[in-house]
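Q: Dropping a structure here in structure tokens format, bear with me for questions.
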Amino acid sequence: MRKALESAVSGGVTDAVASLFEDQLERDHIGSLLLERAIDDWPLLDGSYPIDIVPAVRAWVGEIYAPPGPDGTTDPADRHDPLVVALCVGILEQIRREAVRGEHALAEMWSDFLAEADLDKLGPKRQSDYWNPDTTTASFVGRDDELRQLAKTLESGDGIARIQSVRGFGGIGKTRLALAYADRYRDRYPDGRIFYDFQSYSGDHAPQSVDQALLQILPTVTEQISAEQVSRLSPAERLSAWRAYTAGRRLLMVWDNIRNLNQIAELLVRGEPNCATIITSRDYIELSSDNSPLTLDALDDPSAVALFSQVAGSGHDCKLIEKIVEADFRIPVLVEFHALQIRERYRSLEEIASDVESVPFDESLDVQRQLFDRFDGSYRNLSGDQQYALRVFGAHPGYAPTAGSLSAALGCDIREAHQLMDELMKAGFARRFFHSVEISDPSLRSYSSHDSLRDYAYFQSERSGEILAVQDSLANYYAERLQSFRPWSEATRMWFLAEVDNVSNSFHLVEPGSRAQLMDTLDMAISRFNHPASFASESAGRTLHWRISRGASEYGDWPSSD
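Using the working numbering, the first residue of the sequence shown is number 1, and each one after it goes up by one.
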């Protein structure tokens with residue numbers, strides 16, 4: 001047991017300094033200062049218990065910050081000191097790992113700690129789920145076998161958390177399956193559910209990062225860390241807060257649209273036996289030799305017909321529906337797309353059936369191009385203005401473009417932008433996006449779409465040679481808005497909430513020669529955020545600056561930002 005405890009403390013030190021210090025020499029220096037004390041004087045090896053780890057570590061860190069006073073003692077470090085927090089999290093994590101793996105020498109110590117600790121006071125409590133997927137399970141049908149397989153894989157056991165990846169091409173229903181499981185088995189996870197879309201297949205902008213995810217997730221799922229406090233933490237501290245939050249809990253996590261496991265490795269919870277994680281991806285993600293992805297295929301005939309009828313409504317010609325879903329290869333995104341047009345009375349069953357049946361199957365084309373061929377008929381049915389609006393929508397680098405930014409790129413007023421987007425929604429190409437807070441400003445009305453439909457819209461814009469012109473128009477629009485910021489106003493706060501991701505993606509994609517000028521504009525806006533009266537001097541401005549400047553390493557010619 002003593003040897004395991006020595007290993008846990010030294011391993012916790014290694015993890016803590018690695019999370020806080022980038023420079024290897026600095027890591028080695030701080031680590032050696034902590035561990036140069038005699039082993040019998042290390043926290044927990046000096047007779048203290050895990051429940052008392054905070055005061056023990058505070059005293060330990062205090063000794064490396066200042067020499068002992070006349071009485072041979074030093075003042076303890078602040079309990080919120082980043083090194084204190086990282087060491088406590090790191091050591092407890094090492095104890096927990098040993099308790100559930102290997103020889104389990106520290107299992108009794110960890111069990112006693114959990115019994116004594118009031119985890120709601122030691123760490124952040126759950127406030128609510130972070131659960132805002134841009135879709136619902138209202139039209140989920142079939143997939144009974146896949147749901148059973150997912151439930152069996154994710155059932156707790158063997159002292160480790162369960163993780164399952166769900167694989168398939170865009171539009172096959174991966175996200176819907178994960179959400180259906182989350183709804184059906186919600187009682188398994190009384191401590192909450194977390195859903196985050198990493199947008200790895202959305203247009204040409206960079207996927208969301210782990211730190212971007214934590215900036216949004218942590219203030220929602222915990223009530224002891226505000227958004228402002230989360231923005232002040234370093235990325236390593238946010239990870240420590242995440243690990244502290246997940247420890248000892250029963251959570252379901254859905255990480256949506258992931259390209260590879262390294263993208264979210266730091267978020268994965270592997271040692272909590274009552275936690276489960278679902279990863280959705282278009283790529284093959286194998287978690288281990290005995291845990292292959294759950295690969296989705298097209299719906300069976302009855303399920304595809306049921307999905308169409310559920311979206312379109314009852315009373316339609318069953319023979320025509322069967323022809324449409326067969327021509328749509330029983331792929332959910334296509335079936336729903338055409339069913340929505342019937343519900344909105346945008347086209348007739350006969351029109352759609354004639355349209356999709358006229359598109360021959362070409363086995364030389366990939367799945368995405370086959371999908372595009374079946375969107376073409378609906379695209380041709382749009383007016384010239386509606387087609388242009390769809391192409392601008394596709395070229396917009398934001399996940400949820402606002403009416404204000406779309407009107408700037410389209411060269412029209414807000415009212416006309418609303419009308420064009422409403423027409424695209426009737427045609428099935430777009431849908432409303434609702435933010436986590438209610439936003440009444442008409443210019444901030446936001447729109448989204450399924451990734452496959454946005455990909456199609458982007459393809460049309462690219463084929464028309466309009467991508468760069470749209471992106472430059474958006475960068476100029478956002479630069480003008482940043483110049484006129486009044487950060488202390490409620491209107492600006494709402495604008496920021498709706499546009500921050502759109503701004504950052506637009507700045508990343510603008511032509512290289514314009515970046516320095518735009519960065520100067522951004523710096524001016526941030527200086528206004530730092531105004532004492534600003535609603536977000538410590539959160540919104542810093543977050544915006546961080547999100548945009550993170551592109552510096554990718555593009556190479558931006559000013560460095562702290």
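Positions of the beta carbon are idealized from the N, C-alpha and C atoms, including for glycine.
What residues match up with Ile278 in a beta bridge as DSSP calls it?
A: Gln164, Val254
Q: So, at 8 Å on beta carbons, what are the nonlocal neighbours of Ser234 in its own chain, with the 5 sequence-adjacent residues on each side left out?
A: Taken in chain order, the residues that qualify are Leu20, Pro82.
Q: Which stretch, first to last residue, makes up the alpha helix (DSSP H) that contains Asp355?
A: 349 to 357
Q: Out of Ala66, Leu92, Val57, which has the shortest C-alpha to C-alpha gap to His80?
A: Val57
Q: Taking one C-beta from the region 290 to 303 and one from the region 140 to 152 each time, how about it: are there three or more such pairs within less than 8 Å?
A: yes
Q: Opposite Ser288 in the DSSP bridges: which residues?
A: Asn291
Q: Throw me the rounded Cβ distance for the Glu336 and Leu307 pair, which I believe falls under 8 Å.
A: Correct: roughly 7 Å between the Cβ atoms.
Q: Might you give, ordered along the chain, the residues of its own chain that have their beta carbon closer than 7 Å to the beta carbon of Ile39, omitting 5 neighbours on each side?
A: Its chain contains Glu6, Leu45 as the residues whose beta carbon lies nearer than 7 Å to that of Ile39, once the 5 sequence neighbours on both sides are disregarded; these appear in chain order.
Q: If you draw a straight line from the C-alpha of Ala86 to the C-alpha of Ser10, how long is it?
A: Each residue's Cα considered, the two are about 13 Å apart.
Q: Confirm, please, whether the CB-CB distance from Leu179 to Thr153 is below 8 Å.
A: no
Q: Leaving out five residues on either side along the sequence, give the residues of the same chain with a beta carbon under 7 Å from the beta carbon of Val17.
A: Arg27, Ile30, Gly31
Q: Use the C-beta contact count for Asn530: other C-beta atoms within 10 angstroms, 16 or more gives buried, fewer gives exposed.
A: A caution first: Asn530 carries a pLDDT of 44, below 50, which makes its placement in the model unreliable, though a value can still be read off. The residue is exposed, with fewer than 16 neighbouring Cβ atoms inside 10 Å.
Q: So Ser165 and Leu267 are supposed to be a Cβ contact under 8 Å. How far apart are they, rounded?
A: Between Leu267 and Ser165 the Cβ distance is about 14 Å, and since that is not below 8 Å, they are no contact.
Q: Note down the Cα distance separating Asp191 from Arg249, rounded to an integer number of angstroms.
A: 6 Å
Q: For a test of the three-state rule: what should DSSP assign to Arg432, helix, strand or coil?
A: strand
Q: Rounded to whole angstroms, what is the Cα-Cα separation between Gly173 and Thr135?
A: Distance between the alpha carbons of Gly173 and Thr135: 11 Å.
Q: Give the DSSP-derived three-state secondary structure of Tyr201 in the structure shown.
A: coil
Q: In chain order, what residues of the same chain have a beta carbon less than 7 Å from the beta carbon of Ala265, not counting five sequence neighbours either side?
A: Within the same chain, Ala265 has no close Cβ partners at all.
Q: Mind checking which residues open and close the beta strand (DSSP E) that includes Tyr447?
A: 446 to 448
Q: Could you give the residue range of the alpha helix (DSSP H) that holds Ala37?
A: A small fix is needed here, since residue 37 is Arg in this sequence, not Ala. Neither: Arg37 is in no alpha helix (DSSP H) and is coded neither H nor E.
Q: Please confirm whether Gly411 and Gln460 have their CB atoms less than 8 Å apart.
A: no
Q: Taking Ala105 as the reference, give the member of Ala8, Leu177, Tyr49, Ile91 with the closest Cα.
A: Ala8
Q: Looking only at C-alpha atoms, which of Arg330, Gln24, Pro302 sits nearest to Val356?
A: Arg330
Q: What is the DSSP secondary structure of Ile194, counted as helix, strand or coil?
A: strand
Q: One question on the structure: do Asn257 and Tyr201 come within less than 8 Å of each other, judged by their Cβ atoms?
A: Yes; because the gap between Cβ atoms is below 8 Å, this pair is in contact.
Q: Buried or exposed, going by whether 16 or more other CB atoms sit within 10 Å of the CB of Leu444?
A: Here Leu444 is buried: its Cβ has 16 or more other Cβ atoms, across all protein chains shown, within 10 Å.
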